[in-house]
Amino acid sequence: EAGVVQSPRYKIIEKKQPVAFWCNPISGHNTLYWYRQNLGQGPELLIRYENEEAVDDSQLPKDRFSAERLKGVDSTLKIQPAELGDSAVYLCASSLVQLAGAYNEQFFGPGTRLTVL
Amino acid sequence: AQKITQTQPGMFVQEKEAVTLDCTYDTSDQSYGLFWYKQPSSGEMIFLIYQGSYDEQNATEGRYSLNFQKARKSANLVISASQLGDSAMYFCAMRGTAGGTSYGKLTFGQGTILTVHP
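Residue numbers (this note's numbering), protein chains in the order written: chain X, 58 to 174; chain D, 11 to 128.
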């Protein structure tokens with residue numbers, strides 16, 4: 058079974074430029090997450106989708122970040138314009154949430170390492 | 011709000027020995043889950059072990075065990091018989107269950123870098 062796929066793996070851009078990250082979750086997984094991981098820290102949730110609905114975007118900086126999950130499968134995270142502080146690893150994860158219990162394992166992709174110059 | 015604290019920025023262990031990575035947590039949720047993930051230099055988060063807050067027995071998965079002390083709000087990871095491939099960053103994380111304030115998202119600690127020496 059294929060895991061969570063992310064592209065690109067690395068991206069270097071100048072500040073004020075736009076950038077987009079793509080995520081393809083594990084087939085059949087209804088829930089998709091975008092996390093940001095700053096250097097030396099743990100990941101922090103940006104947005105969570107259940108199917109195509111964003112159910113938690115409280116940590117997403119909406120002035121410059123946007124996300125979409127068309128048809129409840131693939132997802133794209135966009136930053137426009139990028140700032141120096143956006144340099145981080147952006148992780149996508151997916152899970153199959155069937156029951157409202159704590160154990161719904163999240164499977165992570167390899168991440169996209171963004172460097173803003 | 012949930013909070014995870016990992017107080018050990020780095021740990022060293024000799025190959026074949028056991029090592030304990032510390033994790034304490036704080037939450038107002040009555041029901042929650044605790045996770046440990048491994049992140050090698052390649053960057054991918056690898057799930058290791060899970061403990062539910064109502065589980066009476068400590069979780070075990072092969073060489074990994076979770077020392078869960080609910081009253082002390084600690085969930086330490088024990089790795090037995092360390093291997094060179096265990097060298098990585100380790101994260102403790104928590105998620106609340108439905109109805110709680112932190113349902114759905116994982117809250118991570120800052121991580122512990124484990125180095126296994128031959």
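Yeah, the Cβ is synthetic: ideal placement off N, Cα and C, and Gly gets one too. If you're wondering where the values come from, they're calculated on a predicted model, not measured in any experiment.
Check whether the Cβ atoms of residue i and residue j sit closer than 7 angstroms, and answer yes or no.
i        : j        : result
X/Asn95  : X/Ala150 : no
D/Thr117 : D/Met99  : no
D/Gln18  : D/Thr122 : yes
D/Thr30  : D/Ser84  : no
Would a check of beta-carbon distances place residue i closer than 7 angstroms to chain X?
i       : result
D/Glu54 : yes
D/Gln61 : no
D/Gly72 : no
Can you say whether residue i is buried or exposed, counting buried as having 16 or more other CB atoms within 10 angstroms of its CB?
i        : result
X/Lys128 : exposed
X/Ala124 : buried
X/Asn161 : buried
Is there a Cβ of chain D sitting closer than 7 angstroms to that of residue i, yes or no?
i        : result
X/Phe165 : yes
X/Asp113 : yes
X/Gln63  : no
X/Glu109 : no
X/Pro118 : no
What would DSSP say about residue i, mapped onto helix, strand or coil?
i        : result
X/Leu153 : coil
D/Gly119 : coil
D/Gly43  : strand
D/Gly95  : helix
X/Asp113 : strand
X/Ser141 : As written in the sequence, residue 141 of chain X is Leu, which differs from the Ser given in the question. Residue state, collapsed to three classes: helix.
D/Lys83  : coil
X/Gly129 : helix
D/Glu71  : strand
**Request:** For the stretch 19–38 of chain D and the stretch 160–172 of chain X, state whether three or more C-beta atom pairs, one from each stretch, are separated by less than 8 angstroms.
**Result:** no
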